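To start, the structure itself, in structure tokens.
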């Protein structure tokens, strides 16, 4: 059994958007009880990460850390056609995930208690982002 | 054909735990000869990495590097409810992998010669960690 | 339906090699119209990344950034049996991807417009690298 749905996300610029509910709805609608949910982010300046879903300060620290690891406006970046956040957005996408695969058990995503699924927008401007959800199983 | 088993790992605090044998045992027990093994780490302060399995100094350097990339006690981290290794554990989890997918060929994991599958514990305290193994194929 | 093919890549030392066409050819040859393409890099000093396929300067900046994040010859690395790029190659592999999963829709990889699939060679010497492509679906 296979099921595909594209989730469209409107971001408000740099930050994390929680997709957990929308992915869970895909699993429900697929009627798959045991299988896999594959998430695929169709961009190179936005990406996926599964991280702490409870305390917003954990996510704030994750974003601040990305600023330190791949800072905007680093003069060593050459590719700035779209601005000082252009290359850093690709670098952060390379550091986080383009695809993520989550097992389905008992008809639900087998996430741990503290795991949320997030789209990470790496550009400062608001964007429309597409995440393809592919579910397979029984 | 589908098979799921949760591997429970007791860590001794920060470090890498080799899961290769336990994952290989799952493949054997699944009787899948051609397919996929998906590993999913159900935590946000521990993660997965496939790296050099031969010389322990390679793994030591990987851990030391993570200390430099996401240092404990960085005063710019706000989220320290569980200690100075709280946010760095989430940051390191975001840098390594939550899920990893390994093809199965000829009834075995299609790992390269030098590849081992490791759970990376990012907290200093010992923890119980769960890794879900989902196998599908023929 | 399942299909496996190993892609052999001859690298010219450190850099990115575009595999998009060869992976697309696997999808075509598999005759799968809806499913998943899993890529698995069988090495610990080379890895995969899906990134910007248009402007070479974006890829140049990505490589330069990896030099800053995991520099060659860092005196804190102990494992240098194969040279000053030995441990940095493992560190960069841990930062990028060992496996990547791409949905197939309408008989083609569901990549975004600007996404290319690249093998990242992290060693300075030329190497032969193997990427296993596993396709499943209908």
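Residue numbers (this note's numbering), protein chains in the order written: chain A, 1 to 138; chain B, 1001 to 1138; chain C, 2001 to 2138. Even glycine gets a Cβ: it sits at the ideal position worked out from N, Cα and C. Note that the coordinates shown come from a computational prediction; the quantities given were computed from them, not determined experimentally.
Residue-level contact by beta carbon fails for residue 85 (chain A) and chain B, as no gap is shorter than 8 angstroms. Rounded to the nearest whole angstrom, the C-alpha separation of residue 2003 (chain C) and residue 2134 (chain C) is 6 angstroms. Per DSSP, the continuous alpha helix (DSSP H) segment holding residue 1069 (chain B) begins and ends at 1056 to 1069. Around the beta carbon of residue 2103 (chain C), 16 or more other beta carbons lie within 10 angstroms, which makes this residue buried. At a C-beta separation below 7 angstroms, residue 62 (chain A) has these neighbours in chain B: 1090, 1091, 1094.
Residue state for residue 31 (chain A) is assigned as coil, using DSSP reduced to three classes. Within the same chain, 1001, 1032, 1033, 1034, 1035 come within 7 angstroms of residue 1138 (chain B) by CB-CB distance, once the 5 residues on both sides are set aside. The closest CA to that of residue 1096 (chain B), considering only B:1048, B:1116, B:1072, B:1113, is found on B:1048. Among the CB atoms of chain C, none fall inside 8 angstroms of the CB of residue 111 (chain A). If you look at residue 1134 (chain B), you'll find it isn't in any alpha helix (DSSP H); it sits in the beta strand (DSSP E) that goes 1128 to 1137. When only Cα atoms are considered, residue 2022 (chain C) and residue 38 (chain A) end up about 22 angstroms apart. Contact annotation: in the segment 27 to 60 of chain A, residues whose CB is within less than 7 angstroms of a CB in chain C are 38, 40, 42, 43, 44. Bounds of the alpha helix (DSSP H) holding residue 2088 (chain C) are 2086 to 2095.
The three-state secondary structure of residue 21 (chain A), taken from DSSP, is helix.
When CB distances to chain C are screened at a threshold of 9 angstroms, the residues of the segment 97 to 108 of chain A falling below it are 97, 98, 99, 100, 101, in chain order. Taking the beta carbon of residue 2069 (chain C) as reference, the chain A residues within 9 angstroms of it are 69, 70, 91, 95, listed in sequence order. The contact set of residue 1081 (chain B) on chain A, defined by CB atoms closer than 9 angstroms, consists of 55, 57, 58 in chain order. Between residue 57 (chain A) and residue 51 (chain A), the alpha-carbon positions lie close to 12 angstroms from each other.
The alpha-carbon separation between residue 17 (chain A) and residue 127 (chain A) amounts to approximately 12 angstroms. Taking C-alpha positions only, residue 9 (chain A) is separated from residue 1119 (chain B) by approximately 32 angstroms. Taking every protein chain shown into account, the CB of residue 1101 (chain B) has 16 or more other CB atoms within 10 angstroms, so this residue is buried. By the 16-neighbour rule on beta-carbons within 10 angstroms, residue 70 (chain A) is buried. Remark: C-beta atoms of residue 2015 (chain C) and residue 78 (chain A) do not approach each other more closely than 8 angstroms.
By a beta-carbon distance limit of 8 angstroms, residue 82 (chain A) does not contact residue 13 (chain A). Their separation comes to about 13 angstroms. Each residue's CA atom was taken as its position, placing residue 1124 (chain B) and residue 2115 (chain C) some 38 angstroms apart. Taking a beta-carbon distance threshold of 8 angstroms, residue 2 (chain A) counts as an interface residue toward chain C. The straight-line gap separating the alpha-carbon atoms of residue 1091 (chain B) and residue 1030 (chain B) is approximately 34 angstroms. Boundaries of the beta strand (DSSP E) around residue 1100 (chain B): 1099 to 1105.
Excluding the 5 residues flanking it on each side, residue 1066 (chain B) has same chain C-beta neighbours closer than 6 angstroms at 1092, in chain order. Counting C-beta atoms within 10 angstroms of its own C-beta, residue 2028 (chain C) has fewer than 16 neighbours from the protein chains shown and is therefore classed as exposed. For residue 1137 (chain B), the chain C residues whose C-beta falls within less than 8 angstroms of its own C-beta are 2002, 2136, listed in chain order.
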